[in-house]
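Protein chains in written order, with the numbering used here: chain A, 1082 to 1307; chain B, 14 to 200.
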């Protein structure tokens, strides 16, 4: 059962498509497997619809309708499926090189992205950089931490979003299991510890730098580029 | 102004009969509002008008996939315009990769709602409109900027004269208030 969800402000920003790209893929990865948030997102899209309805109409060129009808006629003259070639034909997991445990599938929000293979980060800790085709600067990555292992204590200078894809961890505040979403900012200093029962895979997005405590942890942080 | 039910009927007329008169009514209603939405988001006026036209072309093309059980016409048009806006924005930012939000991907994966959900959807959208009208003006402005502004946080800080650091908590308060108004029984 999913216990931790994005708040309405985050879901509204997803509905309005104003989230930074990295935050968008992590939040969308949550919504696609959470019926509650799916329903809320539809509601918040309806808020967008109501705001559109209330918007002051702009003055359009008098021939705008005629032009639009001409575009419709022109697009019907050509093939109706010619609009977005290749998008649906491509294998959605193409470019996602990090291997996954049996039975686990990639979030749909990562389709079109690229990941590196798992890289060593420390004992029992691996990571994979996620590169989003339409925002290469977005700091998105996967963490794969073995049972019982913990990440170094760290805090954030910006917003860190985490979606648990597999397994579970406890960060001293709460337990986060597959499907759970977490948002932390500079007020939180935490140390996620993976449960003894099995490994944990998370998708995370970081805005701003992550500040790790201790020298080795800082080295690790630099390695990840956080 | 056409009602939600009338807008649904117009979309159906476009879907089933390619009704140009019905389309013209939809165009007159939505194209100027979509242009406003896009212009407020920082799209230059000429591009906003072009994208508004593109939105209505998509309304024509996708009319058959409109599902009144899932969303009202305004919500459907909003999501089309939103996707075109973000699509254009990202294409301009990185020519490498044209597609952005999948137009129908989210919907396609959901099971189709039962026919009587159409009434529930109408009722939900009516409650949302009523709730928006009951929000205090400042929170209403926060919501408008959250949905329409190109940089919502900066715009809210500027328009409300509050520090950037407190914008997020103000958005949260506005969203919580809206949630209470949507969920509360109307008196």
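Note that beta-carbon positions come from the ideal geometry of N, C-alpha and C, so glycine has one too.
Under the 10 Å beta carbon count, residue 1091(A) is surrounded by 16 or more other beta carbons and is classified as buried. Residue-level contact check: residue 131(B) does not touch chain A, since none of the beta carbons of chain A fall below 9 Å from its beta carbon. Not a single C-beta of chain B is nearer than 9 Å to the C-beta of residue 1175(A). In the three-state reduction of the DSSP assignment, residue 43(B) falls in the helix class. Proximity of chain B to residue 1088(A) at the Cβ level (cut-off 8 Å) is accounted for by 185, 188, in chain order. Interface with chain A (9 Å Cβ-Cβ cutoff): residue 177(B) is excluded. By the Cβ rule, the stretch 1244-1252 of chain A does not count as touching the stretch 1130-1139 of chain A, because fewer than three pairs are nearer than 8 Å. For residue 1262(A), DSSP records a beta bridge to 1244(A).
Taking all protein chains in view, the Cβ of residue 1104(A) is crowded by 16 or more other Cβ atoms within 10 Å, so the residue is classified as buried. Look at the stretch 154-165 of chain B: the residues with a C-beta under 9 Å from a C-beta of chain A are 156, 157, 159, 160, 161, 162, 163, 164, 165. For the pair residue 49(B) and residue 37(B), the CB atoms are not nearer than the 9 Å cut-off. For residue 1138(A), a Cβ of chain B is located within less than 9 Å of the residue's own Cβ. At the C-beta level, residue 1223(A) and residue 1193(A) stay beyond 9 Å of one another. Assignment of beta-bridge partners to residue 1213(A) by DSSP yields 1216(A). For the pair residue 1112(A) and residue 1191(A), the CB atoms are not nearer than the 9 Å cut-off.
Using a Cβ distance threshold of 9 Å, residue 54(B) and residue 162(B) count as a contacting pair. Take residue 1273(A), set aside five residues on each side of it, and the residues of its chain with a beta-carbon closer than 7 Å to its own are 1231, 1232, 1250, 1252, in chain order. Take residue 1189(A), set aside five residues on each side of it, and the residues of its chain with a beta-carbon closer than 6 Å to its own are 1113, in chain order. In the displayed model, residue 1115(A) falls within coil according to three-state DSSP, outside both helix and strand. As computed with DSSP, residue 1231(A) is found in a beta bridge with 1274(A). Per DSSP, the unbroken alpha helix (DSSP H) holding residue 180(B) starts and ends at 180-196. Excluding sequence positions up to five before and after residue 77(B), its CB lies within less than 6 Å of the CB of 28, all in the same chain and listed in chain order. Under DSSP, residue 1208(A) takes part in a beta bridge, and its partners are 1200(A), 1224(A). The stretch 1083-1100 of chain A makes contact with the stretch 1122-1133 of chain A; the number of CB pairs closer than 8 Å reaches 3 or more. Interface with chain B (9 Å Cβ-Cβ cutoff): residue 1255(A) is excluded. By the Cβ rule, the stretch 131-142 of chain B counts as touching the stretch 80-90 of chain B, because three or more pairs are nearer than 8 Å.
Note that the C-beta distance between residue 99(B) and residue 1259(A) is not below 9 Å.
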